[in-house]
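Numbering (the numbering used here), first residue to last: 178 to 468. All C-beta atoms, glycine included, are put in the ideal place defined by N, C-alpha and C.
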Amino acid sequence: MTQATLTIVTGHSRGLGQALAAALLQRARPGDCVLGIARQPSAHLQALAAHSPAHFEQWQADLADAAPVAQRLEQWLAGHEQAQQHTLVSAADAAPAQPAPAEAARTEAAPTIWRELRLINNAGLIPTIAPLSQLGSADITQGLRVGLEAAMLLSAAFLHASENWPAPPGAGVVGRKVLNISSGLGRRPMAAQAVYCAAKAGMDLYSRCLALEESAKPAGARVVSLAPGVIATDMQQHLRSARAQDFPDLPRFQSLLENGQLQTPEATAHAILQRLDAPGFGEPVIDDVRQ
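Written out as structure tokens, the structure reads:
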């Protein structure tokens, strides 16, 4: 049996999310699966997937309304759990086979068993850059729903559906990881960023609560809320486009670009996946890729 990895990435169609999904496809092994969830599909990733041994799937969904997405994810995982259980039972019941001819051995596909399940909550948005008193209700609710509520709903669905996932022979338990992409702005205040700061601060604290809950289980998931540093993405461009009278920190974000202090999404994705793959993932729960 081929033992592989499932990774779910939200906000995979651009920026850091696209770089994460691309890196996963490029480093994939046979049997790996990458599931992306975003408002729009990525043609770039679909083209990469044609040359990857991984199975790649894209769901087009608005995470401002994440409840139906979480329900779909739980049902999708439940179907795969049943399939994995069936594969393991069938393999255990099968009589030892005679050695196959060389040609048959090359062409017969081995069943895939996922040995590790991973959820990367990357989706987030910065609403209109202005003081809270100038924001409409849609700005506030959408920012919190995409940046915090969606991550919590998807985490709950992922953990519930995978809690009793059948393990391959000799593996003990299937590894489960939740990686929340946080921000330094969840750890310090900034004017005109109340919604984004609140969403990321909430992500950090819910990650700590979740880690406590999972650590009390015999085979609990490992959880990290990781600040990715400053990255050359559309989000940074959005911040630099703000009006100076609305955004006192505008000069700082302009200087990050001018002084070459922005990391590429690709370099950041590589560093993040190194953390995700590390044996010590989960400690500390609140982390920064620059440390």
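For residue i, the nearest candidate out of the options (CA to CA)
| i | options | result |
| --- | --- | --- |
| Thr338 | Leu312, Ile290, Gln248, Thr264 | Here the sequence assigns Ala to residue 338, which means Thr is not the residue at that position. Considering only alpha carbons, the answer is Gln248. |
| Leu250 | Ser310, Ala215, Phe335 | Phe335 |
| Pro442 | Ser432, Arg452, Leu265, Val407 | Val407 |
| Ile290 | Ala371, Val351, Ala455, Val462 | Val351 |
| Arg364 | Gln370, Leu434, Ala378 | Ala378 |
| Gln422 | Gln451, Ala455, Gln311 | Gln311 |
| Ala266 | Pro346, Ala224, Ala376, Gln468 | Here residue 266 turns out to be Val, not Ala, going by the sequence shown. The option with the nearest alpha carbon to Val266 is Pro346. |
| Pro245 | Ala220, Leu183, Ala333, Thr179 | Ala333 |
| Ala307 | Arg420, Asp454, Leu453 | Arg420 |
| Gly208 | Gly457, Leu294, Trp253, Asp242 | Leu294 |
| Gln136 | Pro395, Lys394, Gln370 | Residue 136 is absent from the model: the chain starts at 178 and stops at 468. |
| Glu340 | Gln259, Pro428, Glu435, Gly320 | Gln259 |
| His415 | Arg292, Gln252, Thr305 | Thr305 |
| Leu254 | Ala455, Cys210, Ser432 | Cys210 |
| Thr179 | Thr264, His228, Gln468 | Thr264 |
6 Å CB neighbourhood of residue i in its chain, flanking five on each side removed
| i | result |
| --- | --- |
| Glu234 | Leu212 |
| Ala446 | Ala196, Leu197, Ala200 |
| Gly397 | Glu391 |
| Glu280 | In this prediction, Glu280 has a pLDDT of 34, which is less than 50 and means its spatial position is unreliable; what the coordinates show is noted afterwards. Once the five neighbours on either side are set aside, Glu280 has no close Cβ partner at all. |
| Asp381 | Ser359, Gly363, Ser402, Ile463 |
Nearest-angstrom Cβ-Cβ length linking residue i and residue j, presumed shorter than 8 Å
| i | j | result |
| --- | --- | --- |
| Arg385 | Lys354 | That pair is no contact at about 16 Å. |
| Asn357 | Ser402 | 4 Å |
| Ile185 | Ile297 | 7 Å |
| Tyr373 | Ile303 | 5 Å |
| Gln203 | Leu222 | Actually they are not in contact, since the Cβ atoms of Gln203 and Leu222 sit about 11 Å apart, beyond 8 Å. |
| Thr410 | Gly192 | 4 Å |
Per DSSP, the bridge partner or partners of residue i
| i | result |
| --- | --- |
| Ala215 | Gln237 |
| Arg295 | Thr184, Lys354 |
| His232 | Cys210 |
| Leu403 | Ile358, Asp464 |
8 Å CB neighbourhood of residue i in its chain, flanking five on each side removed
| i | result |
| --- | --- |
| Ala274 | Residue confidence is low: Ala274 scores 49 on pLDDT, short of 50, so the model does not pin down where it sits. No coordinate-derived value is stated. |
| Ala300 | Thr187, Gly188, Gly194, Ile214, Ala215, Leu240, Val323, Gly324, Ala327, Ala328 |
| Gln262 | Pro343 |
| Gly459 | Lys354, Ala388, Arg399, Val400, Val401 |
| Ala368 | Pro308, Phe424, Pro425, Asp426 |
| Lys366 | One point to set straight first is that residue 366 is Pro, not Lys, in the sequence displayed. Hits under 8 Å: Cys374. |
Residues near residue i in its chain [Cβ-Cβ closer than 7 Å; skip 5 each side]
| i | result |
| --- | --- |
| Gln438 | Val407 |
| Ala282 | Because the pLDDT at Ala282 is just 34, under 50, the model does not fix this residue reliably, and the point stays unresolved. |
| Ile449 | Leu197, Leu403, Pro405, Val466 |
| Arg206 | Ala181, Pro230 |
| Gln217 | Ser190, Gln237 |
Limits of the alpha helix (DSSP H) - the one that residue i falls within
| i | result |
| --- | --- |
| Leu387 | 371-392 |
| Arg365 | Here Arg365 belongs to no alpha helix (DSSP H), and DSSP marks it neither H nor E. |
| Asp465 | Not the alpha helix (DSSP H): Asp465 falls in the beta strand (DSSP E), residues 463-465. |
| Gly194 | 192-203 |
| Ala315 | 314-321 |
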